[in-house]
Amino acid sequence: MNTSVRNLCCAIATLPLLTPASSLAIDVDPRDYTALPEGANLNVLYARQLSADDLNVNGQSVTDDLDLDATIGIYRYVHFTKVMGLTVDPQVLVPFGTQEIGLLDDSSSGMGDAIFAATVWLHEDPEKQSYFGITPYVIAPTGEYDADKAVNLGTNRWSYILQAGYMTRLTEKLALDLVADVQWYGTNSDPLGGNRLKQDEAYQVQAMLSYDLTPTTYPSLRYSWRSGDETHLDGVAMGNEVDTSTITVGLNHWLVPGKLQFQAQYVRDLDVSDYGPELNAFQLRFLHLFGL
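Count the sequence shown with mature numbering (1 follows the signal peptide of the UniProt record, and there is no 0) and you get residues -25 to -1, 1 to 267, in order.
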């Protein structure tokens, strides 16, 4: 396998939006860090369509014929409870879908890596709608993986994320969310083109504004920046560290107030300064709240 193709394969495997499990673990939606009362439950279904044609290396486009296409679904279950007086929400995410890259003539479908997580709220003030929580995530290597393929839904390794999120009201109708996280990766002992694949940690920050147009509808704007993720194949650095800024425009609407919510988002990479494809994505989310 020549170096350019090997670097492309490693870059694709490490991009956060293309790894179904870590994708929605890291990306936080506006007001997600709101602590709900004990006994509340959430059924959440995500559907995300990703595409990209341009691939950047050192911030310069090296091809406009990547032909990347992915359709990812995730089912998420969340339960709110109390532990030692603190609100905690143990949850599980189960990803599935298909993805393909025309330039590599390769594709994959099936289940992705499952996520187990739980936010612990260290501060919650429902009256002022002000919350601060910390969320550890564990991503298990349960997804479809084939070492002979460049495109996989699974990663064949454990991953860990520590995230902190703060949400507050700036005015009666305007809300602010600030989120930061770091992700660590285990070793893939059976990677394409080598024997051991290691990956540097990644850092991400997100800032979101959302505004109540009505008591049941609010648009939102999210900016995120992610850096790190360089891979090392058999001890050789691949030079594929990411430095990416992304913008997301969304709309949330309660179809049944307090019970069923619909969300639509458009996601666009603003700047891919180092390595990776320039992604476009559309996402739909259906949230069912019950148990209260």
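Using N, Cα and C, we set each Cβ at its ideal position, and we do this for glycine too.
Please look up how many angstroms separate the CB atoms of residue 242 and residue 258, rounded, as I've assumed it's under 8 angstroms. Position 267 of the sequence shown, counted from the start, is the residue given in the question as residue 242. Position 283 of the sequence shown, counted from the start, is the residue given in the question as residue 258. So it is a contact: roughly 7 angstroms between Cβ atoms.
Outcome for residue -12 when other beta-carbon atoms lying within 10 angstroms are tallied against a minimum of 16: Within the sequence shown, numbered from 1, the residue matching residue -12 stands at position 14. Reliability of the predicted coordinates at residue -12 is poor, the pLDDT of 47 falling under 50, and no value is obtained from them.
Sequence-distant residues of its chain with Cβ nearer than 7 angstroms to residue 267 (five each side left out): In the sequence shown, counting from the first residue as 1, residue 267 sits at position 292. Cβ within range, chain order: 12, 14, 15.
Taking all protein chains shown into account, do 16 or more other C-beta atoms lie within 10 angstroms of the C-beta of residue 230, making it buried, or fewer, making it exposed? Here residue 230 corresponds to residue number 255 of the sequence shown, with the count starting at 1. Burial call: exposed.
Spatial distance of residue 102 from residue 22 (CA atoms): Indexing the sequence shown from 1 puts residue 102 at position 127. Indexing the sequence shown from 1 puts residue 22 at position 47. Approximately 33 angstroms, taken between the alpha carbons.
Is it the case that the Cβ atoms of residue 213 and residue 9 are separated by a distance below 8 angstroms? Position 238 of the sequence shown, counted from the start, is the residue given in the question as residue 213. Position 34 of the sequence shown, counted from the start, is the residue given in the question as residue 9. No.
With respect to the beta strand (DSSP E) encompassing residue 75, which residues constitute its N-terminal and C-terminal limits? Within the sequence shown, numbered from 1, the residue matching residue 75 stands at position 100. Per DSSP, residue 75 belongs to the beta strand (DSSP E) from 61 to 76.
Rounding to the nearest angstrom, what Cα-Cα distance links residue 253 and residue 240 in this structure? Taking the sequence shown and counting its residues from 1, the one referred to as residue 253 is at position 278. Taking the sequence shown and counting its residues from 1, the one referred to as residue 240 is at position 265. C-alpha separation (whole angstroms): 17 angstroms.
Between the segment 98 to 113 and the segment 131 to 150, can you find at least three pairs of beta-carbon atoms closer than 8 angstroms? yes
Given a cut-off of 8 angstroms on the beta-carbon distance, is the pair residue 53 and residue 66 in contact? Looking up residue 53 in the sequence shown gives position 78. Looking up residue 66 in the sequence shown gives position 91. Closer than 8 angstroms, so yes.
Sheet register partners of residue 171 (DSSP bridge): Here the question's residue 171 lines up with position 196 in the sequence shown. Bridge partners of residue 171: none, in fact.
Could you tell me which residues DSSP pairs with residue 142 in its beta bridges? The residue you call residue 142 lines up with position 167 of the sequence shown. 106, 152.
CB of residue 237 within 8 angstroms of CB of residue 261, strictly: Locating residue 237 in the sequence shown gives position 262, counting from the first residue. Locating residue 261 in the sequence shown gives position 286, counting from the first residue. The answer is yes: Cβ separation under 8 angstroms.
From residue 171 to residue 87, what distance separates their C-alpha atoms? In the sequence shown, counting from the first residue as 1, residue 171 sits at position 196. In the sequence shown, counting from the first residue as 1, residue 87 sits at position 112. Taking the straight line joining both Cα atoms gives about 21 angstroms.
Based on Cα-Cα distance, which residue from 151, 150, 56 lies nearest to residue 95? Within the sequence shown, residue 95 is the residue found at index 120, counting from 1. Checked all of 151, 150, 56; the closest Cα to residue 95 is 56.
Whole angstroms are fine: how far does the CA of residue 114 sit from the CA of residue 90? For this step, residue 90 is matched to residue 115 along the sequence shown. For this step, residue 114 is matched to residue 139 along the sequence shown. The straight-line gap from Cα to Cα measures roughly 5 angstroms.
Pair within 8 angstroms by beta-carbon distance, residue 149 and residue 186: By one-based count along the sequence shown, residue 149 stands at place 174. By one-based count along the sequence shown, residue 186 stands at place 211. In this structure, residue 186 lies closer than 8 angstroms to residue 149 by Cβ.
Roughly how many angstroms lie between the CA atoms of residue 176 and residue 64, to the nearest whole one? Locating residue 176 in the sequence shown gives position 201, counting from the first residue. Locating residue 64 in the sequence shown gives position 89, counting from the first residue. C-alpha separation (whole angstroms): 25 angstroms.
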